[in-house]
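Take a look at the structure below.
2 protein chains.
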Amino acid sequence: MAKSGDKANDEAVTAWARLVRVSQSLLPRVEADLKAQGYPPLSWYDALLELRRAGSKGLRPFELQQEMLLAQYNMSRLTDRLLKAGYVAREMCEDDGRGQILSITPQGETVLNNMWRAYRAAIRKHFADRIDKKDVESLIVILGKFT
Amino acid sequence: MAKSGDKANDEAVTAWARLVRVSQSLLPRVEADLKAQGYPPLSWYDALLELRRAGSKGLRPFELQQEMLLAQYNMSRLTDRLLKAGYVAREMCEDDGRGQILSITPQGETVLNNMWRAYRAAIRKHFADRIDKKDVESLIVILGKFT
DNA sequence: CGTATATAGATGCATATGCATATAGAGTCA
DNA sequence: TGACTCTATATGCATATGCATCTATATACG
């Protein structure tokens, strides 16, 4: 941040800086707690959660990729790892010869459930315990405006 | 997120999820704008900014590292890149034989200034233009409570 | 002093990410 | 149908990150 002579924008820059700093401070702590308990990265959790939501009809990789705001090649490689770990299953897509359909396996569901306990505890410890109810509600509303 | 039977904590989890999602959505866009204009990553900006703040007395790598919430080896490698680019200078520390002192070079100052224009524009476009004054102020207060 | 422990910083090796491009099937339209 | 374009997914190669460990100096303490 530097001089700009624009009060409103300066404040927005401050808010931006805090947003970035808070997330860059808290996310690694949460991830570290999960890792310390032997769990995979949060991206695995996000993918498995989406796949469970999708239920038995599964998801195409490109759908998951859009949902997770991932680059295509990162989705491709995350898929590899999840397949290798046995947490997702892949079948070829019948109506699109280029495509595949991913779905969560029972082992995937198990790890998702276990991760959720650890994740919830970490969110509580690093975030929820440090913010009051009113601020939580404000954040939900304000951040919810960013689509 | 899953069932927990705890209303307050559920809300905190929602706020957490939005915080993570907003930062994971906006940061890459901002970085992409900078990169499209030929600028280095934001971590370079942060380091150069801290070094400029420190002035002529410079900073020890470990101080910069703490300030930037970086792992030690990442600081070491960021230092390499900044040195190679000519944006920082390194001298040995007189009162600590293990240490060094980093300072920003004139080229570093130039790139910092130029990056700032692009960074400010990107913050405006992706963040400031999408949030109103009241919410900016709320964010500053709420996020400021985290450390 | 001498030994133990702590701190600053670097680095080899494994894994992850970004970038460019490849492959192959789908859609369009003459 | 054939030529073009578009979309879904994969991958080689370069760079970045994480992890463990190394070196060297500093500090503590008997």
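As you go down the protein sequences, you meet chains A and B in turn.
Quick note on my numbering: the first sequence kicks off at 6 and runs consecutively.
Quick note on my numbering: the second sequence kicks off at 6 and runs consecutively.
Glycine included, every Cβ here is placed at the ideal spot set by N, Cα and C.
The structure presented is a predicted model; accordingly, all values stated were derived computationally and were not measured.
- Cβ neighbours of Gln42/A within its own chain (closer than 7 Å, five residues either side excluded): Ala123.
- Residue pairing by DSSP puts Ala94/B in a beta bridge opposite Ser108/B.
- Nearest C-alpha to Leu144/A among Thr19/A, Leu24/A, Val18/A, Asn14/A: Leu24/A.
- Burial state of Arg58/B is exposed, judged by a 10 Å Cβ sphere holding fewer than 16 other Cβ atoms.
- Annotation: Glu55/A to Leu117/B spans about 40 Å, alpha carbon to alpha carbon.
- Among the residues facing chain A, Lys130/B is not included, as its CB has no counterpart in that chain under 9 Å away.
- Taking C-beta separations shorter than 7 Å and ignoring five residues to either side along the sequence, the partners of Gly91/B in its chain run Thr110, Gln112, following chain order.
- Against chain A, a Cβ distance below 9 Å from Glu142/B picks out Glu16, Ala20.
- Distance between Asp11/B and Gly63/B, taken at the CA atoms: about 49 Å.
- The secondary-structure analysis by DSSP pairs Leu64/A across a beta bridge with Leu107/A.
- In the three-state reduction of the DSSP assignment, Tyr50/A falls in the helix class.
- Neighbours of Ser28/A across chain B, judged by C-beta separation under 7 Å: Leu24, Val25, Ser28.
- Shown here, Gln42/A sits in coil according to DSSP, grouped into three states, outside any helix or strand.
- Asp101/B sits in coil when the DSSP states are folded into three classes, being neither helix nor strand.
- Rounded to whole angstroms, the gap between the alpha carbons of Trp21/A and Arg26/B is 14 Å.
- Residues of the segment 69-100 of chain A that bring their beta carbon within less than 8 Å of a beta carbon in chain B comprise Leu74, in sequence order.
- Taking every protein chain shown into account, the CB of Met120/A has 16 or more other CB atoms within 10 angstroms, so this residue is buried.
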